[in-house]
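Counted from 1, the sequence shown has number 230 at position 230 by our numbering; the numbering is strictly sequential.
So the structure is just underneath, and the comments pick up after that.
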Amino acid sequence: MKIQTRIAIQFSLIVGSLLAVFSFVIYQLFAEFREQEYYERLKSKAITTAHLLIKVDEIDRDLLKIIDKNTLTALVDEKVLVFDQHNKLFYSSLDDHVIHYGNELLNRVRKEKYVETSDDENEAVGLLYELNGQHYVILASAYDQFGRSKMANLRDILYTGLVFGILITVLLGVFFAGNALGPVNQFISQISSITANNLRERLDERKEKDEIGKLAAAFNKMMYRLEQSFELQRSFVSHASHELRTPLAALKSEVEISLDEKLTVAQHRGILQNIRKDVDRLIFLSNSLLQIVRPLKSSINSAAEVRIDDVIFQAQDELLLSKPDYRISVEYAQEPDNEKHISVFGDEPLLKTVFANLISNACKYSPNHQALIVIDFNETHTLVSIVDEGIGIPSEDLNVIFEPFYRSKNALAISGFGVGLSVCKRIVELHKGKIHVESRLQQGSKFTIELPNIS
Ligand code: ADP
């Protein structure tokens with residue numbers, strides 16, 4: 001069922017039930033009021049009759065009957081009966097109307113002194129009248145024609161009001177629900193037209209900052225993030241294919257040269273060495289690409305407690321094996337009296353990749369090939385800084401060097417693929433850590449890694 005219909009039905013049911021309860025209460029209160037008022041009139045009629053008949057000597061029963069008959073204010077179907085103390089009928093106002101009574105009712109009146117009763121048509125009161133030790137029972141009954149016709153009128157008005165009220169509520173419910181949900185329908189048609197080719201499309205953000213306005217703003221933000229990540233993927237694929245094409249093209253021409261030309265053994269050897277270099281580049285590149293795109297969860301399956309300084313020393317040793325001219329020194333900013341301060345829960349080979357990359361960069365981008373590693377900690381984190389005095393990073397690049405394949409202009413003369421830092425960032429984030437960089441052109445760079453320790 002459409003939300004619009006559901007809101008309209010719920011709204012109508014609520015207002016309809018309220019109207020019905022309200023009408024019912026009004027009708028009941030009015031019915032009670034009419035009945036009470038009528039009993040009061042019957043009571044005063046009964047008292048007047050008893051007074052005239054019993055107390056005023058000049059008025060006898062026949063005269064009273066004539067008075068009753070000719071009273072203009074007489075009630076419809078009015079009848080008054082007076083009984084003496086033996087329950088014998090002593091006076092009856094009119095002869096053609098009937099009051100249904102019996103000894104039971106008369107005895108009840110004697111006991112309770114005042115009784116109100118009604119059948120389907122007439123209301124009646126009975127009261128005990130006492131004079132000079134004599135106890136008379138007076139029964140007065142009549143039909144409240146005027147009050148009952150007012151009741152019927154009121155019932156008709158309330159019924160009509162209720163039907164019209166519900167009808168108007170349904171119409172208003174449909175109108176307001178349609179009005180409130182109109183923008184949502186508009187969003188739905190706008191959203192259905194968005195595909196991967198037009199991710200720049202945005203929803204119309206309304207001026208009002210209501211829920212619908214917030215929904216549109218949140219959707220637009222999500223679209224922006226989607227667009228960014230699509231853009232990133234596109235540039236990643238184009239960079240990756242470009243980086244792969246260069247060594248592949250070199251490989252092809254080297255193979256062609258060795259096939260076509262009549263070369264000496266030494267020349268063949270030289271070409272094969274070049275081919276090996278290109279294949280190494282390709283292996284390195286494809287490994288890096290795998291690390292970038294591999295789902296993060298599966299990589300940290302083999303997590304264990306790892307001492308960060310151990311990992312740094314291992315990375316240093318491995319690096320020095322292939323680059324003996326690099327100068328790498330390691331320092332502790334403060335003595336770690338508890339090894340937990342410099343231990344993290346993580347994947348050792350992945351963490352080694354991070355430090356090897358950063359130390360290698362520090363040496364590679366510094367004319368003196370020197371790097372200083374400072375190990376520090378606080379209550380919650382182990383902190384490692386890799387400092388160099390190299391070429392530095394342009395300030396406008398500081399935000400983007402962690403993107404895959406991004407390389408600063410001042411680094412292009414030095415060999416590299418631009419994937420190392422993005423791999424580092426992914427691994428550090430996988431360990432719930434942070435990586436950031438401070439740098440000044442021609443003065444040097446400082447990469448800092450914060451990893452939650454196990455203390
Ligand atoms: P690569 O070093 O292979 O180019 P990275 O992802 O490791 O790839 O680095 C990306 C870019 O960041 C580098 O091309 C370089 O411009 C810049 N960079 C990284 N580390 C340093 C550093 N220590 N000093 C100066 N520039 C750096």
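In this text, a Cβ means the ideal position worked out from N, Cα and C, and glycines have one as well.
Residue of the options minimising C-alpha distance to residue i
| i | options | result |
| --- | --- | --- |
| L105 | Y91, S93 and L81 | L81 |
| G433 | S395, G346, R234 and Q443 | G346 |
| V46 | F24, A31, D62 and E78 | It should be noted that the sequence gives Ala, not Val, for residue 46. Nearest of F24, A31, D62 and E78 to A46, Cα basis: E78. |
| S415 | L158, C363 and T48 | C363 |
| Q334 | Y91, V306, Y101 and L383 | L383 |
| F122 | I373, Y129, Q145 and V184 | Reading off the sequence shown, one finds Asn at residue 122, where the question assumed Phe. Selected option, being the one with the closest Cα: Q145. |
| H7 | R155, N153, L172 and T160 | Looking at the sequence provided, one finds Ile at residue 7 rather than His. That would be L172, whose Cα lies nearest to the Cα of I7. |
| N287 | F402, E318, S302 and V423 | V423 |
| D309 | D278, A303 and H341 | H341 |
| V437 | A142, E37, S385 and L285 | S385 |
| F219 | D260, E201, Q233 and Q10 | E201 |
| D397 | I212, F164, S439 and E379 | S439 |
| S93 | D68, G102 and E112 | D68 |
| L430 | A303, T117 and L290 | A303 |
| T246 | Q233, S229, V279 and E231 | V279 |
| T169 | V311, I9, Q134 and E208 | I9 |
| V174 | V163, K2, R108 and K207 | K2 |
| V109 | K43, G161 and P183 | K43 |
| A140 | D210, A50, I194 and I59 | A50 |
| A196 | G213, Q233 and V184 | Q233 |
| E474 | V15, I194, S193 and Q186 | This structure does not reach residue 474, given that the chain is present from 1 up to 455, and the question cannot be answered. |
Where residue i sits in the DSSP three-state scheme
| i | result |
| --- | --- |
| Y406 | coil |
| N132 | coil |
| L199 | coil |
| I414 | coil |
| L282 | helix |
| G433 | coil |
| L215 | helix |
| A333 | coil |
| N87 | coil |
| A20 | helix |
| K79 | strand |
| D375 | At residue 375 the sequence reads Ile, which differs from the Asp that was named. DSSP places I375 in strand when its eight states are reduced to three. |
Cβ neighbours of residue i in the same chain (closer than 7 Å, five flanking residues each side left out)
| i | result |
| --- | --- |
| A315 | K352, F355, A356 and I359 |
| I275 | L251 and E254 |
| Y27 | L154, R155 and L158 |
| Y406 | V400 and G418 |
| S408 | I393, P394, D397 and I401 |
| E116 | Y39 and V125 |
| L285 | E243, L244 and F417 |
Where residue i falls, given that 16 or more other Cβ within 10 Å makes a residue buried
| i | result |
| --- | --- |
| P404 | buried |
| D119 | exposed |
| I188 | exposed |
| G420 | buried |
| Y114 | exposed |
| V56 | exposed |
| G390 | buried |
| T264 | exposed |
| E243 | buried |
| H268 | exposed |
| H239 | buried |
| N361 | buried |
| Y224 | exposed |
| R281 | buried |
| V163 | exposed |
C-beta contact flag for residue i and residue j at 8 Å
| i | j | result |
| --- | --- | --- |
| E227 | L248 | no |
| I427 | V344 | no |
| G444 | D388 | yes |
| V137 | L131 | no |
| L75 | R41 | yes |
| A177 | Q4 | yes |
| I166 | L18 | no |
| P452 | T380 | yes |
| G126 | Y38 | no |
| H369 | D325 | yes |
| I328 | L319 | yes |
| L63 | Y91 | no |
Chain-order list of residues whose beta-carbon lies under 8 Å from that of residue i (same chain, five-residue window excluded)
| i | result |
| --- | --- |
| L89 | L81, V82 and F83 |
| E305 | S343, V344, F345 and I454 |
Residues near residue i by beta carbon distance below 6 Å, same chain, minus five either side
| i | result |
| --- | --- |
| Q190 | L203 |
| E331 | V374 |
| K425 | F402 and I435 |
Any non-hydrogen atom of ligand 3 within 7 Å of residue i CB
| i | result |
| --- | --- |
| L421 | By its list of ligands, the structure shown excludes ligand 3, since it contains just ligand 1. |
Test: residue i CB closer than 8 Å to a CB of chain C
| i | result |
| --- | --- |
| P324 | Among the chains in the structure shown there is no chain C, since it carries only a single protein chain. |
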